Every structure is written in C-alpha cells, then in structure tokens.
Amino acid sequence: MIVVMKEGARRDDIDSVVQLLKSKGLGVHISQGEERTIVGVIGPKERVRELPVQAMAGVEKVVAVSNPFKLASRAFHPQDTLIQVGEHVVGGSEPVIIAGPCSVESREQIVETAEKVKAAGANMLRGGAFKPRSSPYSFQGLGETGLKYLAEAREKTGLPVVTEIMEIDVLDMMLEYVDVLQIGARNMQNYPLLKAVGKTQKPILLKRGLSATIEEWLMSAEYILAEGNPNVILCERGIRTFEPYTRNTLDLNAVPVVQHLSHLPVVVDPSHGIGQWRHVTPMARAAIAAGANGLIVEVHPNPEEALSDGEQSLTIENFENLVVEVRRIAKAMNPVTDPMYVGKA
Ligand code: PEP
Ligand code: MN
C-alpha cells in the first residue's frame, strides 16, 4: 500500500502517519517528491486498511500497489531516480557510458584501458576482479590485487570504478575501493547478497539474471531498496532464448517496460547481450534509441589476448566510434523528450 500525502502536507502530518504505521509493526519508506510525499507501507494490506489513515490530516489517498514490487514501482516514486556517481548522474537525460575490460588482468592493462576509454569519452571504468566463470579452470580474476589496480586507474583518470561483488565476505573490503558495486547476472537472485548490499548506501548495478523475468528482476531490486539503499541501477544484459547464434538475446523491450514500471535507471550491456564484438555497436545505438540511461561496454586494448570475453570486447578504436555514434543519437533524441518540444517535433 502507499499513502499519498496532499501537496504541501505539513511535516507533522507526515510524521503522524508514519508513527501510526510503525506503531502497528508496518514497514515504512518515504519518497519525498518535489510536490508531494509518498509513504510506502510494507506489510499486510488488511492491517493498513484497518487503520484510519485515509482520514488523517494531510492524507490525499491510500492506494494498493498491484505489483509485487512496491519501493521499485513508479506508484511509490513517480519521478525518475537520479543516482550520483562522482560527477555523473545516472538516470538523467544524458546517458552515462561505462567502459573497460571484462577482467582486470594487470596494472598496465587496466591503467592503459582507463586512460584510453576516458579520452574516448567514457564516464566510468568497469573491470572484474572477482569473476563468475562458467568453468572453474578459467581465469578467476585477481581478487583484491585487481581492486588495487582499479583504484590506481581511478586515481590516474578520475573515472569512478564499477566492479562485481560475488560474496558477502568481501563486502567491507570492496566498499573501500569501489564506486559502484555490480551484482552479476548469476547472483541476481542471491538474496543474502542483495540484502547485504542493501544495508550500504553504495550505488548498485543490478544485472538481470540469465533467465529472469522483468518482475523477478524488479523483485531483486526490491530486496536492495527494502534494506534502505535507494541507489539501484538496473542493467539489461541479455537473456537466454532458443537462439544459439548470439550469446544471449538482448531484450531491449525491457528498457521502456522497466522505465514505465519503475523509477530506477536502466543501463544496457550490449557486450554480454550479443556476445560478438562486431554487433556490439549497433545494439548500443539501439539501446540509446530505446531510451536507456546508459551503457556498460567491454573494451580491451588487445581483445585477442583478453583473459575473458575477448570475443565480445571492442578495441579502443571501435569504442571511440561507438561513443561518437551514441552521443549523436542521444543528442538527436533530447529535443523530442524535452517537454518544451513534445508534440512539436
Ligand atoms: C561481466 O560484466 O563481466 C559479467 C560477468 O556479466 P554478467 O553477470 O552479465 O554475465
Ligand atoms: Mn564479461
């Protein structure tokens, strides 16, 4: 259930509603919009209905949210969520571009890639230090040493760092090195891990599971939000379908659908989505045209020698072209989505 307060409701009115709900053992989350406050209530509908909330001062209406996700829903938080990472905002009209290798392989490799993707126009650096590999015999990542190299690359370039967390045990250690914690597709339903990162305030890049429905994905976001971390960035990275020619099927339907259902930003990973470098740029263009709030792209100075995902990694030169193209598309779209131009385009 959500309690929609009247425009300009007084602080005291909001506090009274919150106190009543809490006194009955209900969970309360507040969404403070520019015009009005919405109080999200977690707990059985019946218990909320028994209370005289509707009649309280400052309350406009009490509404049942039909989706199983509540805090992730647009009803609870009508305006887009904006997430500040360094000097960049994820969720605004300017798409953010995150780029870097699949894995951190050495100090030289990550620093060189960081410098080059920055020069090409990337806003953040990606690179895995803990890798979820399908085979236990494949390169598993450099672990904490990899995080140290990422931090060095950030120091040299100023690019915030995005890297994957696989286990709760290393959370405190990772918080020191990392600007955005990635939850990989394989861990999208690792609920203890979701709860643990939900107890921090770090921005979380939550990838869609290999075979997850949009609802399951949003429910995973809900786990993080329910613990008190509002900074969730969703990442569409392709799903398993019957099509064997590409690694996954990039579900660009998810971009407008999720933006309709939820206030959380959505970025797209065309690298894992299609799995072949030559098709990454067209899908990146399509993602931005579909309205994605950003991209996460695998880039390697020498893809043929990459220790993981070389076949889907762009060279620096190809990445430079991608940035030019997607920025052009974003620029072409902005006037149309800008309220000043709507209906006049
Ligand atoms: C990755 O980003 O390198 C990765 C392993 O992604 P995913 O979890 O989407 O497979
Ligand atoms: Mn990868």
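Quick note on numbering: the working numbering labels position 125 of the sequence shown as 171, and the sequence is numbered without any gaps.
Even glycine gets a Cβ: it sits at the ideal position worked out from N, Cα and C.
The structure presented is a predicted model; accordingly, all values stated were derived computationally and were not measured.
Check, Outcome
"Where E81 sits in the DSSP three-state scheme", "coil"
"Distance between H123 and D218 (C-alpha atoms, nearest Å)", "30 Å"
"Where H123 falls: helix, strand or coil (DSSP)", "coil"
"DSSP-derived helix/strand/coil call for R232", "helix"
"Validate contact between the segment 73-93 and the segment 148-168 using beta carbons, cut 8 Å, 3 pairs", "no"
"Residues sharing a beta bridge with E282, DSSP", "V314"
"Pick from N275, A258, P141, S308 that is closest to R286, judged by C-alpha positions", "A258"
"9 Å Cβ cutoff met for L298 and A336", "yes"
"Cα-Cα separation between A101 and G244, rounded to whole angstroms", "34 Å"
"Distance cut-off 8 Å: I270 Cβ against heavy atoms of the ligand PEP", "no"
"Q130: first and last residue of the uninterrupted beta strand (DSSP E) it sits in", "129-131"
"Endpoints, alpha helix (DSSP H) assigned at L171", "It is not in any alpha helix (DSSP H) - L171 instead sits in the beta strand (DSSP E) that spans 170-172."
"9 Å Cβ cutoff met for P141 and V326", "no"
"R120 versus S308 - alpha carbon distance", "5 Å"
"Outcome for L280 when other beta-carbon atoms lying within 10 angstroms are tallied against a minimum of 16", "buried"
"Enclosing alpha helix (DSSP H) for E262 [first to last residue]", "260-272"
"Local conformation of V64 per DSSP, three classes", "helix"
"Boundaries of the alpha helix (DSSP H) in which A242 is found, first to last residue", "237-244"
"Test item, CB below 5 Å from any non-hydrogen atom of the ligand MN", "C148, D355"
"Delimiting residues of the beta strand (DSSP E) encompassing H134", "134-136"
"Under the three-state DSSP convention, the category S308 falls into", "strand"
"Whole-angstrom distance between S266 and Q235, CA atom to CA atom", "6 Å"
"Beta strand (DSSP E) runs wholly inside the segment 134-164, at least 3 long, in chain order", "134-136, 142-146"
"Given P349 as reference, the closest of T361, V343, N339, R57 once Cα atoms are compared", "T361"
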